[in-house]
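**Student:**
Residue numbers (the working numbering): 187 to 614.
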């Protein structure tokens, strides 16, 4: 009897160990896996030893990207350049003191069946408690609008992420230096400040959140740029003038960005601003677009969000522009650009000008306007805003007639754009 009990105990221990080990044995091990459903990078397989600052650049930069494309950017310094700065010395390995946390993150993100579990949890939570489980999104119960609610996004509404006097001065000095450098080469420069939904439609935001400052960081940046004599594409005035005619931002399909009607107004504002200096730049004819009113619903982790919205889709029937591989056309930039997946080049042989535009932009142009711009220029290049520090090299290779720097509100205040623009001014 004792032998049977001992054997049973060993079997139970073996089963217990298997249950612990199986998730790790069968977990995904691919590097830089992307979750389309959760809109972020999954954690990579952890390393017991690290070389130099591997944990500060590269893999771990990509692990916390819940709120879209800008949050995956990191510092803007490529790992190649960092290695070059380190010299020719051999890398020094050190123990990864965060291995336990990294291992937990990897298992949680990569265990088989995770997506099904996330979907089931989302549906149960919403059905039982009317709760959205996506960490960076919340619904306003009074009208059903979805908003991003990470700390950075809430600070946009509260006006608490405004730049300090020193940050603002550095930012504007950087923009002035860019303007002057480009003007010396005969290139026109424009600054384009874009705004979050809560800045244009504060009436749809949560009543429980209070504003704690005089104006948003976007208004702060645009006003300072205008006062400094920097050419500005005034998106704010356009949106405020038309905001009550129809919704210009998505209600539920996208918690933060403008819809296609808002994007069209943004494109029109850009072209009208360019035409003040160069009337040969045409505005695409709306008759070339099929505008269809669609009834839409959003999906959150596979769950259909039960609030609907109507918005217009703008479908260009016969595009004159063709997208080409930016790295084949301009091979000198192939190993230079940061975030190559956000680099786009269009050529248009039907437009009646020889103008080339370079947009160093965030998501408002990249996701919603670049294709319209391509109908107005012979060549249109769109690269991620993390490439501001590479502007002289891009200009040398591409030879644009117009350069636009577009920035979104969360990035204007801290880190990305202020830091890179200031760095540009300091290095030239």
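The beta-carbon is built from N, C-alpha and C at its ideal position, and this holds for glycine as well.
(1) According to DSSP, is residue 553 helix, strand or coil?
(2) On the DSSP bridge list, what partners appear for residue 569?
(3) Count the other CB atoms within 10 Å of the CB of residue 199; is the residue buried (16 or more) or exposed (fewer)?
(4) One question on the structure: do residue 584 and residue 572 come within less than 7 Å of each other, judged by their Cβ atoms?
(5) Report the residue ranges of all alpha helix (DSSP H) runs contained in full by the stretch 364-416; include only those spanning at least 4 residues, in chain order.
(6) Which two residues bound the contiguous beta strand (DSSP E) that contains residue 281?
(7) With three or more C-beta pairs closer than 8 Å as the rule, is the stretch 507-514 touching the stretch 450-465?
(8) Would you please state the rounded distance, in angstroms, between the beta carbons of residue 575 and residue 373? I believe it to be under 8 Å.
(9) Between residue 289 and residue 378, what straight-line distance do the alpha-carbon atoms span, to the nearest angstrom?
(10) With DSSP run on the structure shown, which of helix, strand or coil describes residue 336?
(11) What residues in its chain sit with their C-beta under 6 Å from that of residue 513, if we drop five residues either side in the sequence?
(12) Thinking just about the alpha-carbon of each residue, which of 481, 380, 535 and 496 is nearest to the one in residue 555?
(13) By a C-beta neighbour count over all protein chains shown, 10 Å radius and 16 as the cutoff for buried, is residue 397 buried or exposed?
(14) Checking 7 Å against the spacing of the C-beta atoms, do residue 391 and residue 435 come in under that value?
(15) Got a sec? Which residues, its chain only, sit under 7 Å from residue 285 by beta carbon, not counting five neighbours each side?
(16) Can you check which of these residues, 449, 417 and 535, is closest to residue 552 by C-alpha distance?
(17) Quick check on DSSP: helix, strand or coil for residue 272?
(18) What does DSSP give as the partner residue(s) for residue 508 in the beta ladder?
(19) Roughly how many angstroms lie between the CA atoms of residue 354 and residue 345, to the nearest whole one?
(20) Report yes or no: do the stretch 326-333 and the stretch 428-447 share at least 3 C-beta pairs separated by less than 8 Å?
(21) With residue 559 and residue 543 assumed to form a contact (beta carbons below 8 Å), what rounded beta-carbon distance in angstroms separates them?
(22) Let me confirm a value: residue 595 is counted as buried when at least 16 other C-beta atoms fall within 10 Å, else exposed. Which label applies?
(23) Can you give me the start and stop residues for the alpha helix (DSSP H) that residue 449 sits inside?
(24) Please classify residue 264: does DSSP put it in a helix, a strand, or coil?
(25) For residue 194, does the count of other Cβ atoms within 10 angstroms reach 16, so buried, or fall short, so exposed?
(26) Taking the alpha helix (DSSP H) that residue 293 falls in, what are its first and last residues?
(27) Assuming residue 292 and residue 229 form a contact by the criterion Cβ under 8 Å, report the distance between their Cβ atoms to the nearest whole angstrom.
(28) Run through DSSP, which three-state label would residue 341 get?
(29) Could you tell me the distance, in whole angstroms, from the CA atom of residue 338 to the CA atom of residue 347?
(30) Report all residues from its chain with a CB closer than 6 Å to the CB of residue 535; omit the five preceding and five following residues, and keep chain order.
(31) Rounded to the nearest angstrom, what separates residue 409 and residue 466 at their Cα positions?
**Tutor:** By the coordinates alone:
(1) helix
(2) DSSP, once it has assigned bridges, lists 546 as partnering residue 569.
(3) exposed
(4) no
(5) 383-386 and 403-413
(6) 279-281
(7) With the cut-off at 8 Å, the stretch 450-465 and the stretch 507-514 do not touch.
(8) That pair is no contact at about 17 Å.
(9) Roughly 42 Å separates the two Cα atoms.
(10) In the three-state scheme derived from DSSP, where H, G and I count as helix and E and B as strand, residue 336 is classed as coil.
(11) Apart from sequence neighbours up to five positions away, the residues of its chain that approach residue 513 with a beta-carbon distance below 6 Å are 520, ordered along the chain.
(12) 380
(13) exposed
(14) no
(15) 232 and 234
(16) 449
(17) Residue placement at residue 272 is poorly supported in this model, since its pLDDT is 39, which falls under 50; the coordinates are not used for a value here.
(18) 533
(19) 15 Å
(20) Counting Cβ pairs under 8 Å, three or more are found: they touch.
(21) 6 Å
(22) buried
(23) 446-461
(24) Interpretation of residue 264 is limited by its pLDDT of 37, a score under 50 that renders its predicted location unreliable; the figure taken from the coordinates is listed afterwards. Coil, per DSSP.
(25) exposed
(26) 285-296
(27) About 5 Å; that satisfies the 8 Å criterion.
(28) If DSSP states are grouped into helix, strand and coil, residue 341 belongs with the helices.
(29) 8 Å
(30) Around residue 535: no qualifying Cβ.
(31) Note on geometry: alpha-carbon atoms of residue 409 and residue 466 lie some 29 Å from one another.
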